[in-house]
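Each remark here refers to the structure printed beneath this line.
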Amino acid sequence: MDAEQVTPVVIAGGGLVGSLMAFLFAQQRPDVVVKVVEPQADGPVPDKRTIALAAATVDLLNAQGIWQELTDEAEAIKHIHVSDRGYLGATRLHAEQEGVAALGYVVPAAALNKALYDRLQALPQVEWLAGSQVTGLEQQQPHCNVTLQTPNGEQQLKAQLVVGADGQRSFVREQLGIGVQTTDYGQVGIIANISLDKPLAGWAYERFTETGPLALLPLPKQQASLVWSVAEEQAEQVLALPDDEFLAQLQHAFGYRAGRFTGVGQRLQFPLRLHLAERSVAHRAVLIGNASHTLHPIAGQGFNLGVRDAICLSDQLAKADDLGSYATLAAYWREREDDYKNIIGLTDMLVRGFSNHYWPLTKCRNLALLGLDALPPLRQAFARQTMGLAPLARRGGAS
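Residue numbers for the sequence shown follow our numbering, so the first one is 264 and each next one is one higher.
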C-alpha cells in the first residue's frame, strides 16, 4: 500500500486526553496528519465535570500557551488537608512549603475542552471528524483497517497507528480483544457544587468518613466542588434527600472545618470502581486515558495520569519513523509502567485502607497521617507524587 494512502495517526475520541494527545503530537510533528474521530457533532465535547489539574499538568498547559485561556475560571489549590473523621491523624500540604505557586488548580472541564478544541481547529495537519465514530478495527501487518461511521456514510481508513482515547467503555479496546480488570469498591460518588458561608481560600479537603472519602475542592464565589463517596445501598436515598437534609447529612459527615454549607446545586452519581486494561499497547494500537485506566477519584489522580499518557506517547511518536511499530509502543509502555503502578497503587491503597474500620488498621493509618505531617521529606515525596512532578522528574521533565 502506498504510504500516502495511509493516515499516520487516527485518534478515537476527542475528549480531554484525546484532544491533548493530538495537540501535543501536532506541535512536535507538524508534517504528520492526525485524524481525530469524535462522535460529538458540533464543537468541543460537552463535559459538566470540574477537574483538579496537578501542578505538572498546569506547567504543561502553560508551556503550550493554553493555560492563559483558563486562568479566569481556575481556582488555585494552595493547601490540602487530609484527615480521618473522628480521629486525630491529619496531614497538611502547603504550596509555599513545596516551592510552587499552587499544588494544583480546579477548572471546569468544559473550559479546557474548548481551549484544546479551538487550538486543534487552527492546525492544518489535524482533521477533526465531527459526528463520526469508529465502528470497525482490523489489525494488519503494515497498518490497521479502520471503519468509520460518518455523517456522510461509512468510510474506510488505513492507519499506521490507532490511539484509543474513547473512554471507559472503549470500543477500540473491545475490538483489540483487550480485557479489563475491575475492582468494585462498593461505593457511589455523589458530585455537586456546594455553596459555603465563607470561601475556602485555596484549601482543598480530603476527609475519610465511615462511608468513604469526601473531597471538597475550592471554586470561585464561595463555592466548592464536592465528591462524596457513599455506600451503594445509601446512594439513592442520599440523592433523593431535600436540599436542607442533604446539606445537614453532608455537614455531619464532614464537620465544620470548611465552614457551614449553605446550598447545593445539581447532584449526580457514578459508581466508584477501578478499571484497568489488561494491557495498553497492541499491534499498531495503544490505549490512553480512561480507555486504559479509570481510577477512584480519591486524590484527583485519574485525569492527570491520562495527561502523562498523552505527554509520553506524543514524545515517543515525535522521534519515530514508524509510528505504530512494536519498538515505538514498547518504549512508550516502558515509560508509563512505573507511573501506573505507583498512582494506581496509591489510590487503591488509600481507598481500601481508609474504608476499613478494623481498629488496629485505624490506629496505624492515623499514625501514618501524623507521621506524614511531621516528617518533611516524606511529606514532600507525597506532595510531588500527587502534583505529578515525581514521574516527570524520573523521565527528566521536572527538577
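The beta-carbon is built from N, C-alpha and C at its ideal position, and this holds for glycine as well.
In the three-state scheme derived from DSSP, where H, G and I count as helix and E and B as strand, Q564 is classed as coil. Contact fails between the stretch 376–384 and the stretch 357–368, because fewer than three Cβ pairs, one in each stretch, are under 8 angstroms apart.
Between L489 and A467, the gap from beta carbon to beta carbon reaches 8 angstroms or more. In the three-state scheme derived from DSSP, where H, G and I count as helix and E and B as strand, L502 is classed as helix.
DSSP places T474 in the coil class of the three-state scheme, outside both helix and strand. Rounded to whole angstroms, the gap between the alpha carbons of E390 and E301 is 11 angstroms.
For S282, the enclosing alpha helix (DSSP H) has its first and last residue at 279–291. Proximity to G442 across V527, K582, E508, V544 peaks at V544, based on C-alpha coordinates.
By the CB criterion at 8 angstroms, A494 and G449 fall inside the cutoff. E469 counts as buried, since at least 16 other C-beta atoms from the protein chains shown sit within 10 angstroms of its C-beta.
In the three-state DSSP reduction, K421 falls in the strand class (E or B).
Counting along the chain, D585 sits inside no alpha helix (DSSP H), nor does DSSP assign it H or E at all.
Its chain contains V300, L411, T413 as the residues whose beta carbon lies nearer than 6 angstroms to that of S395, once the 5 sequence neighbours on both sides are disregarded; these appear in chain order. At a Cβ-Cβ threshold of 8 angstroms, A590 and D429 do not count as neighbours.
Shortest Cα-Cα distance from Q444 to any of F434, D294, A540 involves A540. The alpha-carbon of V570 is positioned some 37 angstroms away from that of A511. Remark: fewer than three beta-carbon pairs, one from each stretch, lie closer than 8 angstroms, so the stretch 496–506 and the stretch 568–587 are not flagged as touching. Note on geometry: alpha-carbon atoms of L400 and K298 lie some 15 angstroms from one another. Of the other Cβ atoms in all chains shown, fewer than 16 fall within 10 Å of the Cβ of G306; this residue is therefore exposed.
Contact between I561 and L613 is confirmed by a C-beta separation of about 5 angstroms, below the 8 angstroms threshold. Per DSSP, L323 is one residue of the alpha helix (DSSP H) stretching across 318–326. In summary, D294 is exposed, with fewer than 16 beta-carbon neighbours lying within 10 Å of its beta-carbon over all protein chains present.
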